[in-house]
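In terms of my numbering, the sequence shown opens at residue -8 and continues consecutively. The block underneath contains the structure these notes are about, expressed in structure tokens.
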Amino acid sequence: MNYQVIQKSEELISNLKNFSDNLPDAGIYNIRAKLSSCLNDVPDKIKNGLNETRKTEKIRNLVGVFSALTECRDYLELIDSLKYANTDSLKKEVDALGRLLSNDSHPLRYEY
-8 MNYQVIQKSE
2 ELISNLKNFS
12 DNLPDAGIYN
22 IRAKLSSCLN
32 DVPDKIKNGL
42 NETRKTEKIR
52 NLVGVFSALT
62 ECRDYLELID
72 SLKYANTDSL
82 KKEVDALGRL
92 LSNDSHPLRY
102 EY
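Shown next, in the form of structure tokens:
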């Protein structure tokens, strides 16, 4: 299960980078740069969190992952509301990764 979570996170990052390449270059919110960087350290945090033996360190890493997922979802919502692009499929990927990670890392839960 751990490998599947890491693989899904890397797929999501790749999909987000491909998607963000098609967004406007500049803008008030600089969404393109923020979206393409919001999940960069997620695979490492997942690896550290799932492999950590101390509960506090595991929770710290996984809270960082869930925070990054929430930030990414917020950017996708903003892109959708600004009518730059339809982000439904990417939001589903973010939510699926959160659910997958939640199932593997009790007691943390990702709100989707």
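Using N, Cα and C, we set each Cβ at its ideal position, and we do this for glycine too.
Length of the line joining the Cα atoms of residue i and residue j
i       : j       : result
Glu84   : Arg45   : 29 Å
Pro15   : Leu30   : 20 Å
Ser27   : Ser93   : 23 Å
Leu67   : Lys49   : 27 Å
Asp65   : Asp35   : 22 Å
Lys74   : Tyr(-6) : 35 Å
Glu2    : Asp79   : 16 Å
Val56   : Val33   : 6 Å
Ser72   : Gly89   : 22 Å
Leu41   : Leu91   : 12 Å
Asn77   : Ala87   : 18 Å
Ile70   : Lys38   : 29 Å
Gln(-2) : Leu7    : 14 Å
Ser5    : Asn13   : 13 Å
Ala59   : Val(-4) : 15 Å
Cβ neighbour criterion (16 or more within 10 Å) applied to residue i
i     : result
Asn52 : buried
Ser0  : buried
Arg23 : buried
Val54 : exposed
Ser11 : buried
Candidates the options, of which the one nearest residue i by Cα
i     : options                : result
Thr61 : Leu41, Asn13 and Lys82 : Lys82
Cys63 : Thr47, Lys25 and Glu43 : Lys25
Could you tell me which uninterrupted beta strand (DSSP E) segments, each at least 3 residues in length, are contained entirely in the region 1 to 79, listed from first to last along the chain?
none
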